[in-house]
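Numbering (our numbering), first residue to last: 3 to 415. Glycine residues also receive a C-beta, built at the ideal position from the N, C-alpha and C atoms.
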Amino acid sequence: MMETVSRDLFDRVMVPNYSPMGTVPVHGSGSRIWDQNGKEYIDLSGGIAVNALGHCHAVLVQALVEQAQKLWHVSNIYTNEPALRLASELTQRTFADRVFFANSGAEANEAAFKLARRFGINTGGDAKYEIIAANKSFHGRSLFTVSVAGQRKYSEGFGPAIGGIRHVTFNDEVELEAAVSNATCAVVLEPILGESGVLPATLSYLQRARELCDKYGALLIFDEVQTGMGRLGSLFAYEHYGVVPDVMTIAKAIGGGFPLAAMLATDDAARHLSVGTHGSTFGGNPLACAVGEAALHYISQPDVLQGVTSRHTYLVSSLCELGKRHGLFEGVRGIGLLLGCVLTEPWKGRARELVEMFLSHGVMVLQAGPDVIRLAPSLVIEQGEIDEGLARLEAAAMLLSHVQRSTSENVEI
Ligand code: PLP
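So this is what it looks like as structure tokens:
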């Protein structure tokens, strides 16, 4: 007989690579989630920027159910209608001419990096394979993507990392200029460092990267896995900045919670992944692409994108005030609905602790490194849900500042 499904079971049957919270969510609607005990949470984390339309949005559910009754899978020996429609729409709405579908951000980046290597070697010879990436970036957990990201905590202990990758300080134009050369096949950047503290790129940094790629015949790759699909108030971050890449990777919100990712590329770049050079069994799966099509249509609506900007303004001013009242945040940064609340000195290094505390008060948030609380709520989160979430953060913050005060008073005694 099946034993009771609870958080404890995780420790016995799952590979211990995660350390999930004690609560097990079972049901979601809009920006509310309920756990096994019926406790309700306001979700300001959006499944780490995935649930762009909240939980179980009717439009996505309908697309999934309709496709589920038609065709689930055919393999890439054939193509399928939802994949072709979605690819066509993505090319119409972006700089890109071509699309490769995958199932996760790491896979989309893997495809982009392999494409960059092929591009470099085909256009500049065997020595043109170097990829320039930013320190503290994050591009996924495959060996190639952890090697490109260059954060030792993700790549250590797996034997030799993939070579031919050079790391530079994010937003440092001088370092970037010194690194790019004729040996460079690609510069890869997140427009906002998402996992490492919600740090937006400066416009001049991205512009400089574009110029250097043009000068040395390298591809500019934007990893928009976290920033894409409306999160910044434009459909993609590159539009917000007005700097156009040659290759862009997207994942997370494109499936609204259904696994789907894509690499988008210009014709000139894409032709280097010729027949047989790359592939995926599930990439371009009809179920995923049908949901992706519905998500793209919905998110592209002008009122949805404008709503991101108005929610940003309201949330940033409310969070700044809350942070100031309780000595918790020294500032709030980010664009659109990818926000980072930077912890004050006494709370630095304690982001995980705070995330747990907020959860116990019925609100889900994320951390972005040890010093930043990250919010990536649904793009269509309702005003009532925002206010309820803020009220719960306020209640938790009151308790935290009280604890902090009594601790420091005790120390003085
Ligand atoms: N790239 C960025 C910028 C991300 O934020 C993430 C995930 O957080 C990834 C890539 C990896 O995506 P996935 O976990 O779907 O492989």
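Report whether the distance from the Cβ of E197 to the nearest heavy atom of ligand 1 is below 7 Å.
yes
Around the Cβ of V63, are there at least 16 other Cβ atoms within 10 angstroms (buried) or fewer (exposed)?
exposed
Can you tell me whether DSSP reads A264 as helix, strand or coil?
strand
Cα-Cα separation, L195 to M4:
43 Å
If distances are taken between C-alpha atoms only, which option among L402, E387, L368 comes closest to P22?
L368
Alpha carbon to alpha carbon, what distance is there between L191 and C322?
28 Å
Please classify W349 as buried or exposed, where buried requires at least 16 other C-beta atoms within 10 Å of its C-beta.
buried
Suppose you measure from the CA of R120 to the CA of Y218; what does that come to, to the nearest Å?
16 Å
Select from R143, V15, T125 the residue whose C-alpha is nearest the C-alpha of N184.
T125
Rounded to whole angstroms, what's the CA-CA distance from S302 to E91? Just pull it up for me.
11 Å
Please report the distance separating the alpha-carbon of A272 from that of A264.
13 Å
First and last residue of the beta strand (DSSP E) that includes S21?
Where S21 is concerned, there is no enclosing beta strand (DSSP E), given that its DSSP letter is neither H nor E.
Let's test the definition: count the other Cβ atoms within 10 Å of the Cβ of G278 and tell me whether it reaches 16, buried, or not, exposed.
exposed
When you compare only the Cα positions, how much space is there between F331 and G325?
4 Å
The beta strand (DSSP E) spanning L381 covers which residue range?
It is not in any beta strand (DSSP E) - L381 carries neither H nor E in the DSSP assignment.
Length of the line joining the Cα atoms of T204 and V344:
18 Å
How would you call A105, buried or exposed, if buried means at least 16 neighbouring beta carbons within 10 angstroms?
In the sequence on display, residue 105 carries Asn and not Ala. Buried, since its Cβ has 16 or more Cβ neighbours within 10 Å.
For I415, does the three-state DSSP call read helix, strand or coil?
Residue placement at I415 cannot be trusted, given a pLDDT of 33 that sits under 50; the coordinates are not used to answer.
Within the continuous alpha helix (DSSP H) that includes M359, where are the two ends?
353-362
Cβ-based burial, K130 [other Cβ within 10 Å; buried from 16]:
buried
Based on Cα-Cα distance, which residue from L402, A163, V189 lies nearest to F172?
V189
Does DSSP put H404 in a helix, in a strand, or in coil?
helix
Heavy atom of ligand 1 within 7 Å of I223 beta-carbon:
no
For S31: DSSP bridge partner residues
R34
Three-way DSSP call (helix, strand, coil) for D225 in this model:
strand
Assigned exposure category for I79 - 16 Cβ within 10 Å defines buried:
exposed
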